[in-house]
Amino acid sequence: MDFFASLTGSSRGRPLGSSRGYVDLMDASLTSVEGAQVIINHITSQSTVTKLILGHNHLGDAGCLVLFRFLASPAGRVYPIAEISLNANDIGDKGLLALAGYLKGNVHLRELFLQNNLFGGDATTIRMFAAAINKSKLESLSLTTNPSLSDTFAASFFPSLDATTLRELHISAVELTHLSAPSMVDFITSRRCRLTTLKCNGNNLGYDGVTSLIKAIDRFNYSLTSVELLSNQCTEDEDVSRDDWMAAETALRGILARNSTLKPQLQKEAVQLLRYARQVLLHPSKTSLPAELLQHILGFLAPDLSLRQRINVLNYASAKGTLPALSVRERAACVSSAFSTFGTLWRVNDNSPNHDGNCTSCSGSLVCQREVQRQRWLDQVDCASWDPHLGDA
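Position 18 of the sequence shown, counting from 1, maps to 47 under this note's numbering, and the rest follow consecutively.
Listed below in structure tokens is the structure:
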């Protein structure tokens with residue numbers, strides 16, 4: 030190792046260690062229990078940690094058990110870690126179970142990267158992992174390039190998944206075949222699916238599997254706006270022409286464009302309904318119309334919302350406990366995404382712009398807290414996307 034590499038701790042010349050709330054030990058030759066202890070030492074040397082970048086090491090199951098036992102302890106829970114990257118770490122099912130124990134009930138972790146590990150797809154392990162996701166605030170999960178997961182993973186994962194915050198799922202190159210298509214279809218057509226992004230490239234779903242997913246999204250799913258199903262040919266597709274695949278891809282693009290168009294319009298209607306419903310339902314006069322008639326009239330402000338969605342918004346609007354506290358009525362500032370806090374309530378009746386001139390939330394460097402609160406309110410009342418069950422309560 031040359032002199033510069035000895036200073037940085039990496040033969041690639043990239044500084045390793047801890048800074049600004051990050052622990053970056055990617056490709057640091059960390060192995061098993063000893064490597065986990067090095068990570069723990071870096072974590073405890075800081076007052077706060079929001080990111081663990083630990084890819085391309087060899088922690089394995091033993092290292093994961095030690096690391097997540099610490100993170101799940103009272104001493105580890107004080108660190109509001111929002112992102113963990115453990116790609117290429119030789120982690121198997123035992124390590125995944127340890128991670129699930131940490132994930133369950135976790136309100137801080139938002140992004141989890143687990144590409145290129147050694148997960149075996151054990152049904153019980155996968156169901157426990159899905160149950161932990163359901164009881165977390167995880168928003169983005171990558172399991173790409175874990176070929177041992179295969180169809181047994183899909184058969185256990187999708188029927189168990191009911192995560193209210195999960196928006197992005199990457200399952201490319203995990204050896205899914207046409208046998209996984211039915212469980213995936215059942216999930217994406219159910220109300221359990223809140224995904225906006227699904228990446229499922231490089232599998233073996235085949236033409237029939239891919240087209241069944243596309244048809245399901247077309248008929249029943251209006252939340253997905255980014256779907257990738259490239260390189261999913263299988264041996265049974267010998268009679269499928271290139272034009273057939275191109276037609277399927279074109280159809281998918283049109284469906285996703287439809288969803289992307291409907292979503293902002295519906296969200297705008299939900300916000301408008303809340304604004305006026307607050308005034309009408311929280312301040313009834315002695316000569317006011319019956320509540321049922323008021324709610325019917327208010328519904329004309331949001332014609333694209335389903336009955337269930339309108340009821341959710343009206344119930345929220347009429348509950349005094351949902352009014353923002355006076356002590357937090359000042360406008361929420363845009364802050365660094367790594368240190369974002371969510372204690373400030375979003376004021377829906379404020380007509381000022383969501384972003385000021387200095388907000389760069391679209392670039393990812395800052396998070397506009399007003400927009401964060403707005404999106405979480407839309408999720409709470411289930412108005413983030415169009416509901417195909419328009420007449421269902």
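Where is the CB? At the ideal position from N, CA and C, for every residue including glycine.
Keep in mind the model is a prediction, meaning the values are calculated, not measured.
Check	Outcome
Taking the alpha-carbon positions, what's the L407 to K297 distance?	10 angstroms
Taking contact to mean at least 3 C-beta pairs separated by less than 8 angstroms, is the segment 121 to 130 in contact with the segment 179 to 197?	no
Do E112 and K80 have their beta-carbon atoms positioned less than 8 angstroms apart in this structure?	yes
Just to check my reading of the structure: M213 and F187 have Cβ atoms closer than 8 angstroms, yes? What is that Cβ distance to the nearest angstrom?	6 angstroms
By DSSP, does Q402 sit in helix, in strand, or in coil?	helix
What alpha helix (DSSP H) runs, 4 residues minimum, are completely inside the segment 49 to 113?	61 to 73, 89 to 100 and 103 to 106
Extract the residue ranges of the alpha helix (DSSP H) inside the segment 115 to 147, only unbroken runs of 4 or more that lie entirely within it.	122 to 132
Kindly say whether A101, judged by its beta-carbon, lies nearer than 8 angstroms to any beta-carbon of chain C.	The chain inventory of the structure shown lacks chain C, comprising one protein chain alone.
If we count the other Cβ atoms within 10 Å of its Cβ and call it buried at 16 or more, is R399 buried or exposed?	buried
Of the residues T218, E265 and K244, which one's Cα is nearest the Cα of L234?	E265
Contact defined as beta carbons within less than 8 angstroms: I believe T254 pairs with S289. What is the distance between those atoms, to the nearest angstrom?	5 angstroms
Nearest to L172 by CA position, among S74, E321 and G149, is which residue?	G149
Using CA atoms only, rank isn't needed, just tell me which of F216, A348 and L115 is closest to R307.	A348
Would you kindly check if the distance between the Cβ of L195 and the Cβ of L227 is under 8 angstroms?	no
With DSSP as the reference, identify every bridge partner of H199, one or two as the case may be.	S171 and K228
Please report how far the alpha carbon of G283 lies from the alpha carbon of L259, in whole angstroms.	16 angstroms
Under 7 angstroms Cβ to Cβ from V136, same chain only, skipping five residues before and after it: list those, please.	K166
Once DSSP output is grouped into helix, strand and coil, what is the label at T194?	coil
How far does the beta strand (DSSP E) with S219 in it extend, from its first residue to its last?	Per DSSP, S219 belongs to no beta strand (DSSP E) and is neither H nor E.
Would DSSP call N250 helix, strand or coil?	coil
How many whole angstroms separate the CB atoms of T193 and R220, which I take to be in contact at a CB cut-off of 8 angstroms?	Not quite, the Cβ-Cβ distance comes to about 11 angstroms (not below 8 angstroms), so this is no contact.
Using the beta-carbon count (16 or more within 10 Å), is V107 buried or exposed?	exposed
Over what stretch of residues does the beta strand (DSSP E) that includes E257 continue unbroken?	S255 to E257
Let me confirm a value: G84 is counted as buried when at least 16 other C-beta atoms fall within 10 Å, else exposed. Which label applies?	buried
Can the beta-carbon of A159 be found less than 8 angstroms from the beta-carbon of L208?	no
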